[in-house]
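Student: Below are the structure tokens for one structure; questions will follow.
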Amino acid sequence: MRIGLINPNREIKEPAVHLGLGYIASYASQSYSDLNFELLDTRVAKTHEVKDFLNKSFDFIGISATSQTFLEAVELAQSYRNIWTKTPIVIGGAHCSTVKEEVLHGFPFDYVVYGEGEVTFTELIGFFKGEKNLSEINGLMYRNRVGEIVVNPVRELIADLDTIPFPMYSLFKMSLYAQHRMITTRGCPHRCVFCNSHSIWTNKYRKRSAENIIAEIEHLSTNYSMKSFSFNDDSFNIDLDRVEKICDYLIEKKIGIIWSTSVRIERISEAIAKKMKRAGCYNVCIGVESANNEVLKLMSKSNTREKIYDGIQIFRNAGIDVMGQFMIGNPGDTLKTIEESVEYAKTSNLNGVEFYTALPYKDTQLWEYANTHGRMLTNKPIWEYHTINPRIVFDTPEFPFEDRLKAVELVTQNGFYHALSTDKRNLLLDLGKHTAKLAQSIFKGKIGNHIYLFLRNVYRRFFRNGTKN
């Protein structure tokens with residue numbers, strides 16, 4: 138059976154192996170030895186490689202999408218459907234777990250895999266082979282013979298992550314990926330207001346053993362000469378005993394890698410930080426989110442600005458760089474709290490700082506907050522504004538749109554605004570709109586209207602023609 142897998146494009150500086158597609162391929166191959174997978178990773182593929190892939194015949198196509206890549210997934214699926222009208226197209230990934238009911242409405246997909254995908258994808262292959270009925274496959278959504286959408290029950294999670302084989306790395310052109318990402322846990326016991334991780338993994342925290350992780354590192358180091366790793370867990374240090382064990386193995390085996398990860402800053406000690414450094418850790422990323430303690434409390438964070446500061450110094454004293462990530466627009470935020478966060482970012486000894494606009498994902502407390510306490514500023518569907526370069530999509534009485542723009546401007550002036558580094562157009566569109574309407578309200582009559590029309594035409598022309606770096 139020939140199966141085509143697609144990873145849609147996304148603006149990203151350092152493309153990485155798509156672990157989800159690698160996992161479903163390796164897991165399914167345990168059950169069926171006749172599977173022939175071919176992968177199109179549009180983040181690294183050349184134009185002619187995309188065209189060649191779309192012209193190939195497969196028994197079915199599997200696409201993985203986040204909310205940020207959903208539109209690209211739709212375009213690729215439609216391009217393939219235009220050529221191969223009868224080939225089933227399956228979509229899965231984080232986006233499908235968040236808004237699965239919307240994915241089949243008007244889009245060229247036949248089946249939706251939601252939640253943890255390995256077992257569901259494997260059983261769907263069984264259906265294509267005539268061994269399974271669709272109604273038996275949990276974690277699947279599809280249309281029945283009369284066109285009605287059927288949502289099967291939620292799939293149970295895989296209890297032991299060590300039973301999942303390593304991703305099928307042979308699918309990827311590994312030399313094109315400078316750093317390798319690994320997932321060593323699934324799920325998070327915390328429930329931050331902005332995070333929708335629970336939509337995919339629930340709140341159950343599962344972890345791979347230290348031995349299993351080291352075996353994969355050795356495999357990648359030996360067979361693909363990988364020496365730089367990133368552990369892309371929601372939080373690497375929830376289980377401190379496991380962190381120590383991983384570090385002990387890396388030190389003892391002298392594998393000679395360097396690595397980075399994301400951590401809960403309150404769950405750290407000088408001893409752990411020093412051991413992480415000895416084991417090759419050079420950078421940690423922490424979710425500061427805000428320097429205002431009341432905002433942190435409203436975000437369901439267990440931190441305070443004082444605890445965060447102390448944790449930063451522990452890592453810095455151990456010789457590990459610290460990247461701090463902040464957000465604009467969470468519950469309790471105002472222009473004043475963002476000013477606090479900017480000052481904190483400048484004075485807390487961080488090596489790097491990134492500010493992101495808070496985006497309300499469905500099935501999060503932030504979504505409820507934005508739609509009840511706040512005001513949505515767009516009627517576009519989730520996949521049109523959840524992009525890597527977001528616009529301001531909601532405001533609140535205490536943090537109105539105008540103040541949010543000022544906050545973004547302040548952050549940008551300090552070189553901290555993440556999205557601006559890749560695409561200025563969305564922000565400039567908002568700035569143009571705001572400035573034009575403000576001029577119209579200040580200058581009444583013909584003068585105001587002339588200024589409004591002039592500025593409106595400027596930003597429309599600017600947006601249509603793009604921006605220059």
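This note's numbering runs 137 ahead of the 1-based position in the sequence shown.
By construction, the Cβ of each residue, glycine as well, lies at the ideal position given by its N, Cα and C atoms.
1. Is it the case that the Cβ atoms of isoleucine 388 and alanine 416 are separated by a distance below 8 Å?
2. Just to confirm, is the Cβ distance from leucine 435 to threonine 441 under 8 Å?
3. Distance check for cysteine 233 and valine 240, CA to CA, integer angstroms please.
4. Please state the DSSP three-state secondary structure of arginine 541.
5. By the 10 Å Cβ neighbour count, where 16 or more other Cβ atoms means buried, how is threonine 604 classified, buried or exposed?
6. Taking isoleucine 198 as the reference, which of Trp221, Ser406, Leu208 and Arg180 has the closest Cα?
7. For the candidate residues His317, Leu542, Val545 and Cys384, whose alpha-carbon lies nearest to that of cysteine 418?
8. May I ask you to verify whether the segment 240-249 touches the segment 272-289, counting CB pairs closer than 8 Å and requiring at least 3?
9. Counting only the same chain and skipping the five closest in sequence on each side, list residues whose C-beta sits under 8 Å from that of isoleucine 262.
10. Go to methionine 464, then tell me how far its beta strand (DSSP E) extends in each direction, as first and last residue.
11. For my contact list, asparagine 420 and methionine 460 are in at a C-beta cut-off of 8 Å; report their separation, rounded to the angstrom.
12. Could you tell me whether the Cβ atoms of alanine 162 and leucine 142 are closer together than 8 Å?
13. Please confirm whether threonine 321 and aspartate 370 have their CB atoms less than 8 Å apart.
14. Spatial neighbours of isoleucine 445 within its chain, please: CB distance less than 6 Å, with the 5 preceding and 5 following residues excluded, ordered by chain position.
15. Quick check on tyrosine 493: does DSSP put it in helix, strand or coil?
16. Quick one: measure Cβ to Cβ for tyrosine 554 and phenylalanine 452, integer angstroms, because I've assumed they're closer than 8 Å.
17. Taking the Cβ atom as the reference point for each residue, do alanine 231 and threonine 257 lie within a distance shorter than 8 Å?
18. May I ask which residues mark the beginning and end of the alpha helix (DSSP H) holding cysteine 384?
19. From which residue to which residue does the alpha helix (DSSP H) around arginine 442 run?
20. Can you check which of these residues, Leu514, Leu503, Leu176 and Ile475, is closest to serine 307 by C-alpha distance?
21. Between isoleucine 375 and glutamate 381, what straight-line distance do the alpha-carbon atoms span, to the nearest angstrom?
22. Does the beta-carbon of isoleucine 579 have 16 or more other beta-carbons within 10 angstroms, so that it is buried, or is it exposed?
23. In this structure, what does DSSP give as the bridge partners for threonine 235?
24. Exposed or buried, what is proline 290 when buried is set at 16 or more other beta-carbons lying within 10 Å of its beta-carbon?
25. I want to see whether chain D comes within less than 8 Å of proline 497, judged by CB atoms only; does it?
26. Shortest alpha-carbon distance to leucine 503 belongs to which of Thr515, Asp532, Gly252 and Thr300?
27. Please state whether DSSP places glutamate 175 in a helix, a strand or coil.
28. Note down the Cα distance separating serine 146 from phenylalanine 207, rounded to an integer number of angstroms.
29. For the beta strand (DSSP E) holding tyrosine 279, just list the boundary residues, first then last.
30. Can you give me the C-alpha to C-alpha distance between proline 537 and isoleucine 392, rounded to a whole angstrom?
31. Hey, out of Thr515, Lys364, His327 and His185, whose CA is closest to leucine 439's CA?
32. Hey, how far is the Cα of alanine 352 from the Cα of arginine 218?
33. Please classify tyrosine 314: does DSSP put it in a helix, a strand, or coil?
34. For tryptophan 504, name the three-state secondary structure that DSSP assigns.
35. Note down the Cα distance separating isoleucine 457 from lysine 414, rounded to an integer number of angstroms.
Tutor: The structure says:
1. yes
2. no
3. 7 Å
4. helix
5. Its pLDDT being 35, under 50, threonine 604 is placed unreliably in this model, and the value from its coordinates should be taken loosely. It is exposed - the Cβ of threonine 604 has fewer than 16 other Cβ atoms within 10 Å.
6. That would be Trp221, whose Cα lies nearest to the Cα of isoleucine 198.
7. Cys384
8. yes
9. Met138, Ile140, Ala165, Ser168, Tyr169 and Leu172
10. For methionine 464, the enclosing beta strand (DSSP E) begins and ends at 458-465.
11. 6 Å
12. yes
13. yes
14. Ile402 and Val425
15. The answer is strand: DSSP assigns tyrosine 493 an E or B state.
16. Between phenylalanine 452 and tyrosine 554 the Cβ distance is about 24 Å, and since that is not below 8 Å, they are no contact.
17. no
18. Start and end: 377-390.
19. 442-454
20. Considering only alpha carbons, the answer is Leu176.
21. 11 Å
22. Confidence is the limiting factor: at isoleucine 579 the pLDDT is only 48, short of 50, which leaves the residue's position unreliable, though a coordinate-based value still follows. Its Cβ having fewer than 16 others within 10 Å, isoleucine 579 is exposed.
23. DSSP, once it has assigned bridges, lists no residue as partnering threonine 235.
24. Exposed: under 16 other Cβ atoms inside 10 Å.
25. Checking the listed chains, one finds no chain D in this structure; it contains a single protein chain.
26. Asp532
27. Here DSSP, grouped into helix, strand and coil, assigns glutamate 175 to strand.
28. The question names serine, yet the displayed sequence has asparagine at residue 146. Distance between the alpha carbons of asparagine 146 and phenylalanine 207: 9 Å.
29. 277-280
30. 52 Å
31. The sequence given here has serine at residue 439, not leucine. Closest option to serine 439, Cα to Cα, is His327.
32. 40 Å
33. coil
34. DSSP places tryptophan 504 in helix when its eight states are reduced to three.
35. 6 Å
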